[in-house]
Amino acid sequence: MSTLVGFEHLVDSTTTIFLQELQRRFADKHTVCDFGRWLQFYSFDVIGELTFSKRLGFIEHGVDVEGIIASNDSFLDYANVVISLIGQLPVLDRLLLKNPIRLWASKLGFGSSETPVVSFAKSRITERLEQSKLGFNNLDPADKHPNSSDFLSRFLTVSATQPEFMHPGRVLGLTAANVFAGSDTTAITLRTIFYHLLQDETIMDKLMAELKVLQSLDESTGGMALPKWKDVYELPYLSAVVKEALRIHPAVGMTLERVVPSGGLTLDGTTLPKGTIVGCNAWTIHRDQTVFGAHPERFSPERWLNASAEQRASMERHLLSFGAGARTCIGKNISFLEIYKLVPAILQRFELQLAHPETPWRTIPVRFTSTTNSTSASRIVRPLVPPPDEGSGPLLSRRGDRELPRLPKTGIWVKTLPIFFVLVAASSLAIFNYQKSTSSTVSSIMYALRTNETAREILGDEIYFASKTPWIRGELNQLHGTIDISFWVKGTKSQALTRFVSLRKKGSYFETMEWSLTDSTGKTWHLLTTDGRDPMSLERS
1 MSTLVGFEHL
11 VDSTTTIFLQ
21 ELQRRFADKH
31 TVCDFGRWLQ
41 FYSFDVIGEL
51 TFSKRLGFIE
61 HGVDVEGIIA
71 SNDSFLDYAN
81 VVISLIGQLP
91 VLDRLLLKNP
101 IRLWASKLGF
111 GSSETPVVSF
121 AKSRITERLE
131 QSKLGFNNLD
141 PADKHPNSSD
151 FLSRFLTVSA
161 TQPEFMHPGR
171 VLGLTAANVF
181 AGSDTTAITL
191 RTIFYHLLQD
201 ETIMDKLMAE
211 LKVLQSLDES
221 TGGMALPKWK
231 DVYELPYLSA
241 VVKEALRIHP
251 AVGMTLERVV
261 PSGGLTLDGT
271 TLPKGTIVGC
281 NAWTIHRDQT
291 VFGAHPERFS
301 PERWLNASAE
311 QRASMERHLL
321 SFGAGARTCI
331 GKNISFLEIY
341 KLVPAILQRF
351 ELQLAHPETP
361 WRTIPVRFTS
371 TTNSTSASRI
381 VRPLVPPPDE
391 GSGPLLSRRG
401 DRELPRLPKT
411 GIWVKTLPIF
421 FVLVAASSLA
431 IFNYQKSTSS
441 TVSSIMYALR
451 TNETAREILG
461 DEIYFASKTP
471 WIRGELNQLH
481 GTIDISFWVK
491 GTKSQALTRF
501 VSLRKKGSYF
511 ETMEWSLTDS
521 TGKTWHLLTT
531 DGRDPMSLER
541 S
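Numbering of the sequence shown is given in UniProt numbering, commencing with residue 1 and proceeding in unit increments.
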C-alpha cells in the first residue's frame, strides 16, 4: 500500500479537474448530468495520468475522445459473442477478428487493426522517447525519465536493464492494457457506490457523518482539500460501503477460470483429472448466504460492520471482485486509491439526486458488468442457468458413448463450398468496413466535427454516425498516401454526408484537399474554408 503514495498526486490532479468541470457544467444549472458517463470519463483520464502523466482528454472535452470508449465497448460486445457463440464454434473467430485476409490486408495499409487506445499509447511512448532524446536501443539505466512516477517511465527503466524482456512491443502492450483494464472496472464500482447511496438516505447520512472529520478548507479544489489516502483508507463506514458495492455488483461478470494441475483435484467427492478447466463466478459466490449472511440481494454496509471477526475474514476471503490467489488483479490497490479518494471528494462538495429514482437500473450481461439508467451505468454478468436434471441431456453422457453422426458421402461439398465462399466474402467486406469505421482517421474526423462550430450549427450536438452500423465509402489507404472517404453523420438537429479527402506526396505529410458536409437537399458546406481545422493534423498530434 505504501507504493500508492507515489501515485496519489497523479490521481489528485485529475480529481481536481473533474470537480471543477462538474461545478462549471452542472452545479446549480438545473440540468441532468449523465453521472455514470462522467465517472467513466474520470476513470479513463485517471488511468491515462497514471500510465503516461497525460489525460486522454475526456473530462476537459466532455465527450468520448476519438471514440476510445465506443471502441472498447465494441471489443467487449465481440467478447460477449465469443462467450455465447464463437466459444462453441471457434472457426467463426478465424473468419471474423482473426480472418487472415483481414490481417494480410491491414499489413498492406487497407484498413487498420489498431484501436484508438493503442494509437494513443504509441503517441505517448514516442513523445516520451523524444523528450529523452533516446530510442529503445539507447536507453541508459541511470536516466531519470520525465514524469518518472508514472507506469511508462517505470517500464522504460526496466527496458534499459532488460531490453530482451521489456521490448518495445511489450511496453506498448502493457501501457495499452493498463488503459483498457483499469478504466471500465473502476467506473462500474463507482457507479454502484453512488447509485446505492442515493437509493438509501440512511446509508448516505451515516457516511456523511463519518466524512465530516475530513473537512478542511482549500479554495483551489472547490472549498476544501482533497482527502488524503492515509486519512480515508481506514474509515470504517466508507470501507464497508466500498466492500458492499464490490460484493453486490462485481465489475467482472465472466467466470474466473483455472486449469487443474497434474495430479488432479478432488472437490466435494468428485475427482477432476489434470487439464480440466474449472472456475467460479463472483456474482454467484457473493450471494451465498452461508458466507455473507441473510438477504444477500440487499445493499447493506452493516453486514461488514456487525459481523464477527471470523465471519468478516470469511467474507473478505470470498470477495472475488478482483479475483483471488496468485492471479488477483494487480491493479486492485490503484482502483482502491481512486475510489477511496473520489467518493468523499464528491460527497463533500455536491448534493446529488437521482433523476429518475422510481426507475431501477437495468443490468446488461457482458464480461464487464454494466447498467443503464440513473447515475450509474454498468454492464452485468451473463444470466445464470440451473444445471440439467440427472440424465436429462448429453452433458451427463460420456463423449465416448455417443453415436457418431452419419454424414452424406456425396454432394456435400458441392452444396456447402459456394455458401462458404459467399460467407467469407461477406464477412471480409464487413470486417474491412468495421476497420475503417474504428480507424484513428475516422475517429479524428468525428472528433473534429464535434469541435467545429459550423458543423455543430448544421448538425447540432452529440454528433455521431447516422446509423448503428456505419458504412464508410471510398478508399482509406494511409500506406499509399490516399484517403478519400465519405459517410453519414447526425446530430440533434439534422444529418449530413461528410466527405474527407487527404493526399500524401512521397516523403511528405498528408495534405487535406476537402472536408465537407452535404445535407439531403444537396447543399454543401466546405469546413476547411471556415476555420481551417484539419482532422489529419489532429491525428498527427
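Ideal Cβ positions, reconstructed from N, Cα and C, are used throughout, including at glycine.
Status (buried if at least 16 other CB within 10 Å, exposed otherwise) for Ala309:
exposed
Q. Taking buried to mean at least 16 other C-beta atoms within 10 Å of its own C-beta, is Arg24 buried or exposed?
A. exposed
Practice problem: Say whether the region 250–257 touches the region 180–193, bearing in mind that this needs 3 or more beta-carbon pairs closer than 8 angstroms, one atom from each stretch. | Solution: yes
*Buried versus exposed call for Thr359 [16 or more other C-beta atoms within 10 Å across all chains shown]*: exposed
Practice prompt. Using three-state DSSP, classify Leu517 as helix, strand or coil.
Written response: strand
Put Val213 into one of helix, strand or coil per three-state DSSP.
-> helix
Should Thr498 go down as buried or exposed, given a rule of 16 or more other Cβ atoms within 10 Å for buried?
buried
Whole angstroms is fine: what's the gap from Leu417's alpha carbon to Val424's?
11 angstroms
So, are the CB atoms of Ser321 and Ala187 less than 8 angstroms apart? no
**Message:** Going by the DSSP bridge assignment, what does Tyr195 pair with across the sheet?
**Reply:** BP columns for Tyr195 are empty, so no partner.
- Query: How many angstroms separate the CA atom of Asn281 from the CA atom of Asp288?
  - Reply: 12 angstroms
In three-state DSSP terms, what is Glu390?
-> Model confidence at Glu390 stands at a pLDDT of 40, short of 50, so the residue's coordinates are unreliable; what they give is reported in the following sentence. Coil.
Below 8 angstroms, how does it come out for the region 44–58 and the region 9–27: are there three or more Cβ pairs, yes or no? yes
Look up Leu272 in the DSSP assignment and say whether it is helix, strand or coil. strand
According to DSSP, which residues form a beta bridge with Phe510?
-> Arg504
*Helix, strand or coil at residue 577 [DSSP, three-state]*: The first residue shown for the chain is 1 and the last is 541, placing residue 577 beyond what the model contains.
Q.
When you compare the CB positions of Leu211 and Pro301, do they come within less than 8 angstroms of one another, or not?
A. no
Subject >> Cβ pair count under 8 angstroms reaching 3, the region 151–162 against the region 94–105 >> reply: no
Practice prompt. May I ask you to list the residues that DSSP assigns as paired with Lys490?
Written response: Tyr464, Gln495
query = Of the residues Val63, Leu246, Thr492, which one's Cα is nearest the Cα of residue 582?
reply = Because the chain in this structure spans residues 1 to 541, residue 582 falls outside the shown range and cannot be described.
Original post:
Taking C-alpha atoms, which residue in Phe41, Leu172, Leu265 lies nearest to Val278?
Top reply: Leu265
Taking Gly293 as the reference, which of Tyr233, Ala307, Phe465 has the closest Cα?
-> Ala307
CA-to-CA distance, Ser437 to Val118, given in whole angstroms: 16 angstroms
**Study point:** Cα-Cα separation, Ser262 to Leu272
**Key:** 10 angstroms
Using beta carbons (cut-off 8 angstroms, strictly below), is Glu297 in contact with chain B?
The chain inventory of the structure shown lacks chain B, comprising one protein chain alone.
Can we count Glu475 as close to the ligand ZN, meaning its CB is less than 7 angstroms from some heavy atom?
-> The model on display carries no ligand, and the ligand ZN is accordingly not part of it.
| query | Which whole-angstrom value describes the C-beta separation of Leu22 and Glu49, a residue pair presumed to lie in contact below a C-beta threshold of 8 angstroms? | reply | With 8 angstroms as the limit, Leu22 and Glu49 do not qualify as a contact, their Cβ atoms being about 17 angstroms apart.
Notebook entry, point to check: Exposed or buried, what is Leu517 when buried is set at 16 or more other beta-carbons lying within 10 Å of its beta-carbon?
Noted result: buried
- Item | Paired residues, beta bridge with Trp525 - DSSP | Leu517
Answer with buried or exposed for Ile419, where buried requires no fewer than 16 other C-beta atoms within 10 angstroms of its C-beta.
exposed
- Query: Once you ignore the five residues that flank Ser183 on each side, which residues in its own chain have a CB closer than 6 angstroms to its CB?
  - Reply: Ser43, Phe44, Ile47
Review point. Where DSSP assigns a beta bridge to residue 558, which residues make up the other side?
Key: The requested residue 558 is not part of the displayed model; the chain covers only 1 to 541.
Comparing C-alpha positions only, which one of Arg303, Thr284, Lys29 sits nearest to Pro236?
Arg303
**Prompt:** Which one or two residues does DSSP pair with Arg258 in a beta bridge?
**Reply:** Val278
Checklist entry - What do you reckon, are the CB atoms on Tyr340 and Trp488 nearer than 8 angstroms? => result no
inquiry  = Less than 8 angstroms between C-beta atoms, sequence neighbours within five positions excluded: which residues of the same chain meet that for Asp64?
reply    = Phe58, Ala70
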